[in-house]
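Enquirer: Mapping the sequence shown onto our numbering, position 124 (from 1) lands on 120, and the numbers just tick up by one.
Ideal Cβ positions, reconstructed from N, Cα and C, are used throughout, including at glycine.
Before I ask anything, let me first share the structure, which is written out below as C-alpha cells.
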Amino acid sequence: MEIKYGRGPIWEQIVDGIRRMIATRALRCGDAAPSVRKLSRELCVTPATVERAYRELIVRGVLVAKRGRGTFVCANARPISDREQVLEDAAIRFAEVARNLGAPLDEANEVLGEAYGERASRPQLPCVSRGS
C-alpha cells in the first residue's frame, strides 16, 4: 500500500488501499487485515491514523473487529468494481477541491448535481471531420 501525501487525508488513503486489496483479492473474505501497529510502521504513520481508517472500514461493513483476535475482512465485503473505484476517486478529488475552496457540502452537492444534469441533458454532437 502506498501513501501519497497531498492526496487527501492519510486515513482515507488507507481505506482506499484496503478496499483495493480486497478488489484485487490480495485480501479475501475472512483474512486478517494487517495489525494496526504493523501497518502504521510500514506506512510511517501513527497508529491512531490506521485506527481511524479501520473504524471507517468497520462502519462500512468491510472489516470486522474480533476482540483479542484482530481485524478481519467481513464475509459480506464485496470487492469494488473498476467503475466504482473511478467514481470514488473522482468524488474524492472533487470533495478535496470543494473543501480547499471553503465550499459547504450543500453547495458542493448542488454544483455536482447541476454538472451531472447538464452533462446528461446536453445533446451529443456528431463528429465532423474537416476537409471532407
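Looking only at its own chain, which residues have a Cβ that is under 8 Å from the Cβ of V124, when we skip the five neighbours before and after it?
Expert: The residue labelled residue 124 in the question sits at position 128 within the sequence shown. Caution applies to V124, whose pLDDT of 49 falls short of 50 and renders its modelled position unreliable; the value that the coordinates give is listed next. Excluding positions up to five away in sequence, the list is empty.
Enquirer: Quick one: what's K62 bridged to in DSSP?
Expert: In the sequence shown, counting from the first residue as 1, residue 62 sits at position 66. Answer is G66, bridged to K62.
Enquirer: Going by DSSP, what residue range makes up the alpha helix (DSSP H) through T45?
Expert: Here residue 45 is taken as the residue at index 49 of the sequence shown, counted from 1. Element bounds for T45: 43 to 55.
Enquirer: Tell me whether A94 sits in a helix, a strand or coil according to DSSP, three-state version.
Expert: Counting from 1 along the sequence shown, the entry for residue 94 is found at position 98. Note: A94 maps to helix in three-state DSSP.
Enquirer: State the CB to CB distance for the pair G66 and A22, rounded to an integer number of angstroms; the pair is presumed to be in contact (CB under 8 Å).
Expert: One-based indexing of the sequence shown puts residue 66 at position 70. One-based indexing of the sequence shown puts residue 22 at position 26. Between A22 and G66 the Cβ distance is about 17 Å, and since that is not below 8 Å, they are no contact.
Enquirer: Name the one or two DSSP bridge partners that L28 has.
Expert: Residue 28 sits at position 32 when you count from the first residue of the sequence shown. Per the sequence shown, residue 28 should be read as Ala rather than Leu. Its beta-bridge partners are F68.
Enquirer: Pair every Cβ in the region 44 to 62 with every Cβ in the region 89 to 101, then say whether three or more of these pairs are closer than 8 Å.
Expert: no
Enquirer: CA-CA distance, F68 and L83?
Expert: Here residue 68 corresponds to residue number 72 of the sequence shown, with the count starting at 1. Here residue 83 corresponds to residue number 87 of the sequence shown, with the count starting at 1. Between F68 and L83, the C-alpha separation is close to 26 Å.
Enquirer: Within the continuous alpha helix (DSSP H) that includes R15, where are the two ends?
Expert: Residue numbering aside, residue 15 sits at position 19 when the sequence shown is read from its first letter. That run of the alpha helix (DSSP H) goes 6 to 19.
Enquirer: Which one of Q9, T20, R16 has the shortest CA to CA distance from L39?
Expert: Here residue 39 is taken as the residue at index 43 of the sequence shown, counted from 1. With distances taken between Cα atoms, L39 lies closest to Q9.
Enquirer: Under 7 Å, do L53 and I18 count as touching if we go by C-beta distance?
Expert: For this step, residue 53 is matched to residue 57 along the sequence shown. For this step, residue 18 is matched to residue 22 along the sequence shown. No, the pair does not count as a contact, with Cβ atoms beyond the cut-off.
Enquirer: Quick check: the Cα distance between G57 and V11, rounded to an integer number of angstroms?
Expert: Taking the first residue of the sequence shown as position 1, residue 57 is located at position 61. Taking the first residue of the sequence shown as position 1, residue 11 is located at position 15. Spanning the two alpha carbons is a distance of roughly 12 Å.
Enquirer: Closest to V32 by C-alpha separation, out of K62, A44, G109, A104, would be which residue?
Expert: Counted from its first residue, the sequence shown places residue 32 at position 36. Nearest option by C-alpha distance: A44.
Enquirer: Below 7 Å between beta carbons: does that hold for V131 and I6?
Expert: Not covered by the structure: residue 131. The range shown for the chain is -3 to 128.
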